[in-house]
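Undergrad:
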DNA sequence: ATACTTGCAAATCGTTTGCAATACC
DNA sequence: GGTATTGCAAACGATTTGCAAGTAT
């Protein structure tokens, strides 16, 4: 049952057919089931973090495979990359346009309520230029409490 | 004369007394004189880029020293770090609050005219939290022309 | 003289890749 | 059976660090 609902991710959400292997299922379970059950609690993980989680969940997956799967999930539109934090790539289960708090203490990204932030008067772009993405990061101070 | 105006940077702008060594003077000359002469043409460089520049200018400086000096200049308030681009740290001679275009093709950061962008209705912060910095990056598409 | 700086090389961190062994359809 | 996927280990790029040698005050 759990296995089925995760498989659906590969069947319905993704474009590319990703074989539902043991490793990918385990990763998808952690990423998308946790996210789907909680009320829009989207996840923000690094490869290292996710690797620790799978191992903790009792499934053997190599770190290289976690990296590869995160990239494949991203290519399939299941995840979005965020690279706003020094030297790390975060993968976000929320693939819609939105912005983040960054909490340096816990090294965490937290979604900003999209209704609570807006950009006004976008600057004129150079002629012919197009926007790929607008990313806002509100970096909190170190002593800030956890959200 | 040039040497003197660069030395002033160390005397007046910085808090910490940084010894005006041959290497630091060469780096400061590239970073701050170029920036000061052009009308607010602030610079955005990575350590590698700056290292190439010093070598090209005929001054032998090791890459490690460039890294170290960039960090020291930052600690002294002469530079600001920006980490919005995957796996690279850009150092910005504009230390005031401002935002950036990122041009993937040329791997460049470009200042956004501060009068042309604004955030409205900042989200409520978790109680006790304080903002360290707000960073907006407008990532342009790959095919976008140079600015 | 002495404390600060440098440069090198090695170490580290996050990430990617080549390739042989393995799992899926 | 044939192709996709995995895991390991090595390679990688960006950055940091330990330490001996050099330089500024």
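Chains as they are written, first to last, in the numbering used here: chain S, 93 to 239; chain A, 93 to 239.
The beta-carbon is built from N, C-alpha and C at its ideal position, and this holds for glycine as well.
Among A:204, A:183, A:150 and A:199, which residue has its Cα nearest to the Cα of residue 192 of chain A?
TA: A:204
Undergrad: Give every residue of the same chain whose Cβ lies closer than 6 Å to the Cβ of residue 172 of chain S, excluding the five residues on either side of it in the sequence, and list them in chain order.
TA: 184 and 187
Undergrad: What three-state label does DSSP hand residue 146 of chain A in the structure shown?
TA: helix
Undergrad: Should the region 197-211 of chain S be regarded as contacting the region 226-237 of chain S, the criterion being three or more beta carbon pairs within less than 8 Å?
TA: Yes, the region 197-211 of chain S is in contact with the region 226-237 of chain S.
Undergrad: Can you say whether residue 116 of chain A is buried or exposed, counting buried as having 16 or more other CB atoms within 10 angstroms of its CB?
TA: buried
Undergrad: Quick one: residues in its chain with C-beta nearer than 7 Å to the C-beta of residue 165 of chain S, no 5 flanking neighbours on either side, listed in chain order?
TA: 171
Undergrad: Which term fits residue 148 of chain S, buried or exposed, when burial requires 16 or more other beta carbons within 10 angstroms of its beta carbon?
TA: exposed
Undergrad: Using a Cβ-Cβ cut-off of 9 Å, state whether residue 165 of chain S counts as contacting chain A.
TA: By this cut-off, residue 165 of chain S is not an interface position.
Undergrad: Taking 8 Å as the threshold, find out whether the region 137-152 of chain A comes into contact with the region 119-126 of chain A through three or more Cβ pairs.
TA: yes
Undergrad: Quick one: what does DSSP say residue 214 of chain A is sitting in, helix, strand or coil?
TA: coil
Undergrad: Let me know the beta strand (DSSP E) ranges lying completely inside the region 180-230 of chain S, each 3 residues or longer, listed in chain order.
TA: 182-184, 192-195, 200-203 and 210-212
Undergrad: Can you find a C-beta in chain S that's less than 9 Å from the C-beta of residue 217 of chain A?
TA: yes
Undergrad: Under a CB-based cut-off of 9 Å, is residue 172 of chain A close to chain S?
TA: No, its Cβ sits nowhere closer than 9 Å to a Cβ of chain S.
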